[in-house]
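Sequential numbering of the sequence shown, starting at 1, is according to the numbering used here. Step one of this worksheet: look at the structure below.
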Amino acid sequence: MTRTTLRTAVSATIAVLVVFTGVALSPVPAAHASPLPIPPLLESSTNARGERVFDLRVQSGSRTFSGNTRTETLGYNGDYLGPTIRVRRGEDVRIRVRNTLPEPTTVHWHGAHLPAASDGGPHQRIPAGGSWEAPFTVDQPAATLWYHPHLMGTTAEQVYRGLAGLLIVDDDISESLAVPREYGRDDIPLLLQERRFSRGGSFEYRPSMPDLMHGYGGNALLTNGALEPYIVIRDERVRLRLLNGSNSTVLRMTLDDGGSFHQIATDGGFLERPLERRELVLSPGERAEIVVDFSFRDAGPVTLLAESTSGRRYRALELRPATTELQKSRPLPTRLATIPDLASSGVDRRRQFVMSTMGRGGRLTINGRTMDMNRIDEVVQLDTTEIWEVSSEGGGMGGMMGGMMDVPHNFHVHGLQFQVLRVNGRRPPPELRGWKDTVPLWPGDRIQIVLRFENYTGVFMYHCHFLEHEDEGMMGQFEVRR
Ligand SMILES: [Cu+2]
1 MTRTTLRTAV
11 SATIAVLVVF
21 TGVALSPVPA
31 AHASPLPIPP
41 LLESSTNARG
51 ERVFDLRVQS
61 GSRTFSGNTR
71 TETLGYNGDY
81 LGPTIRVRRG
91 EDVRIRVRNT
101 LPEPTTVHWH
111 GAHLPAASDG
121 GPHQRIPAGG
131 SWEAPFTVDQ
141 PAATLWYHPH
151 LMGTTAEQVY
161 RGLAGLLIVD
171 DDISESLAVP
181 REYGRDDIPL
191 LLQERRFSRG
201 GSFEYRPSMP
211 DLMHGYGGNA
221 LLTNGALEPY
231 IVIRDERVRL
241 RLLNGSNSTV
251 LRMTLDDGGS
261 FHQIATDGGF
271 LERPLERREL
281 VLSPGERAEI
291 VVDFSFRDAG
301 PVTLLAESTS
311 GRRYRALELR
321 PATTELQKSR
331 PLPTRLATIP
341 DLASSGVDRR
351 RQFVMSTMGR
361 GGRLTINGRT
371 MDMNRIDEVV
381 QLDTTEIWEV
391 SSEGGGMGGM
401 MGGMMDVPHN
411 FHVHGLQFQV
421 LRVNGRRPPP
431 ELRGWKDTVP
441 LWPGDRIQIV
451 LRFENYTGVF
461 MYHCHFLEHE
471 DEGMMGQFEV
481 RR
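As structure tokens, this is what we get:
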């Protein structure tokens, strides 16, 4: 099945479900009526050990997104989403988390290379009213990472209700390159989340059985928690740090003038060179940094569009050039970073991972199993390099649910950044030739990734980052041993 027919099939199924579950039409108000909210940078203090200390408080709240109906929400240090945590390579940091919710949670640092005990996966449970600290040394290239809950069974709901924030890493390269980097001015974080609004203008997390298979899709897109906002552009070049923070929606990003932009970074850092593109696709959890150039565009606004798996087209953000002359920006460098080839030093071991929705009763499995907190699925030797071949089993047209089993997945690995070696037997496209922690898989896809396990021993997760699938157990554990 080709990707296009797959998408059509998935879209048709979702469209039918939308009718059956009675989801109202998008209640989105007049487009681009509100300015883009920029998450504040989280302040830090320095403790006696010289660590930079950050404090996060997990709390409940409520917010009016549309109309005048309030949505019961969750947030970090606020009602919805969280502040941006900005750290620098080489720093020792300690993030202290206080959980004021009446339920347990965890805080996972998605994309970060750190000790297993600081990872914030399902084993680092923070009970209701409890606290947890994540100390680690920042030791990876500059990148746009993020943080969110990761407790077995409630990740999807807690993220959906608002628990997500950005973790930005800087280094010598990011601070010396001629790329826009004034946070909130020409360096803009965009946390994109599809949400299912009721007619009244609020949303809640109430998945049906089909939602667990197909993902909890929606009818509106929040950008940093706002519906179709705008931002006034004051510089010739603007860097957008895109994060698909949706539960299970794949987003295809384009500009409404049909023009191009340059992708400069993937999940785990800069690409080697800026890559000129007209569209990019982000599955849940993936990030991309792009630079939009206004120096050759006319003075009118340009809208960043996001098209969802179900074919809905959202106006994610209107970029509205200021009426005064734009501040000059330096041209993008032709070279951004050097990415060492992980496979070049030899491969110690190969493993296979088969993602399947073919289990009894439509169970979501990896290598035939669902997640068991008490089972270590793979044991990995520290200081080795491995190739993991991940494939997504197509559902075919037979079986209980027929073609409805053909759903996309992705594969996320904790604690490191990997490289994509092969996509269906071929060299990966240029946008996958950078550091990645999450790769999309369409039914039938076979992807080889190369991973280097170093610095930290302990238990880490690999899983599908479609949050409904993850909560249903499409996850496994690997333990790195000395
Ligand atoms: Cu999945």
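Heads up, the beta-carbon is just placed ideally off N, CA and C, and yes, glycines get one too.
Between Arg49 and the set Gly61, Gln263, His463 and Arg94, the nearest pair of CA atoms involves Arg94. The beta strand (DSSP E) runs of length 3 or more contained entirely in the region 83-169 are, from start to end of the chain, 85-88, 92-99, 108-110, 131-137 and 143-148.
The Cβ-Cβ distance between Asn77 and Arg57 falls below 7 Å. Going by DSSP, Asp172 is part of the alpha helix (DSSP H) stretching over Asp172 to Ser176. Sorting Leu305, Ala117, Ser34 and Thr137 by C-alpha distance to the C-alpha of Val87 places Thr137 at the top.
In this structure, Leu163 sits near Leu74, with a CB-CB distance shorter than 7 Å. Excluding the 5 residues flanking it on each side, Ser392 has same chain C-beta neighbours closer than 6 Å at Met355, His409, Leu441, Pro443 and Asp445, in chain order. DSSP places Leu326 outside any alpha helix (DSSP H), giving it a letter other than H or E.
In the three-state reduction of the DSSP assignment, Glu236 falls in the coil class, being assigned neither a helical nor a strand state. Taking a C-beta distance under 7 Å as the contact criterion, Arg252 and Thr144 do not qualify as a contact pair. For the 7 Å CB-CB criterion, Arg237 and Ser329 form a contact. Per the DSSP secondary-structure output, Ala226 pairs in a beta bridge with Thr223. In the three-state scheme derived from DSSP, where H, G and I count as helix and E and B as strand, Asp298 is classed as coil. Residue pairing by DSSP places Thr303 opposite Glu318 in a beta bridge. Distances from the CA of Gly90 to each of Ser66, Leu81, Ser34 and Asp170 were compared; the closest alpha carbon is that of Asp170. Apart from sequence neighbours up to five positions away, the residues of its chain that approach Leu342 with a beta-carbon distance below 8 Å are Thr385, Phe418, Gln419, Val450, Leu451 and Arg452, ordered along the chain. In this structure, Phe270 keeps its C-beta atom at 7 Å or more from the C-beta atom of Ile290.
Runs of the beta strand (DSSP E) lying entirely within the region 240-267 and spanning at least 3 residues, in chain order: 251-255 and 261-266. Within the same chain, Leu81, Gly82, Pro83, Thr84, Gly165, Leu166, Pro189, Leu191 and Asn224 come within 8 Å of Pro39 by CB-CB distance, once the 5 residues on both sides are set aside. The beta carbons of Gln448 and Leu421 sit closer together than 7 Å. Annotation for His469: the continuous alpha helix (DSSP H) segment containing it runs Leu467 to Asp471. When DSSP states are grouped into helix, strand and coil, Glu378 belongs to the strand group.
Residue environment: Gln158 is assigned as buried (16 or more neighbouring CB atoms within 10 Å of its CB, all protein chains considered).
In this structure, Gly215 and Thr249 form a Cβ contact; the two beta carbons are roughly 6 Å apart against a cut-off of 8 Å.
One alpha carbon belongs to Leu282, the other to Leu432, and they sit about 11 Å apart.
In this chain, the alpha helix (DSSP H) harbouring His214 covers Met209 to His214. For Met253, the CB stays at least 6 Å from every heavy atom of ligand 1.
In the same chain as Arg335, and ignoring 5 residues on each side of it, the C-beta atoms closer than 8 Å to its own belong to Glu272 and Arg273, in chain order.
With 16 or more other Cβ atoms inside 10 Å of its own Cβ, Ala316 counts as buried. Rounded to whole angstroms, Thr457 and His108 show a C-alpha spacing of 17 Å.
Of Ala322, Glu378 and Ile387, the smallest CA-CA separation from Ser344 is found for Ile387.
Just measuring C-alpha positions, the residue of Gly415, Glu182 and Thr357 sitting nearest Asn367 is Thr357. One alpha carbon belongs to Trp146, the other to Gln140, and they sit about 14 Å apart.
Distance from the Cα of Ala142 is smallest, within the candidate group Pro37, Gly268, Arg125 and Gln124, for Gly268.
Taking C-alpha positions only, Pro229 is separated from Gly300 by approximately 16 Å.
Annotation for Pro428: no beta strand (DSSP E) segment contains it, and DSSP assigns it neither H nor E.
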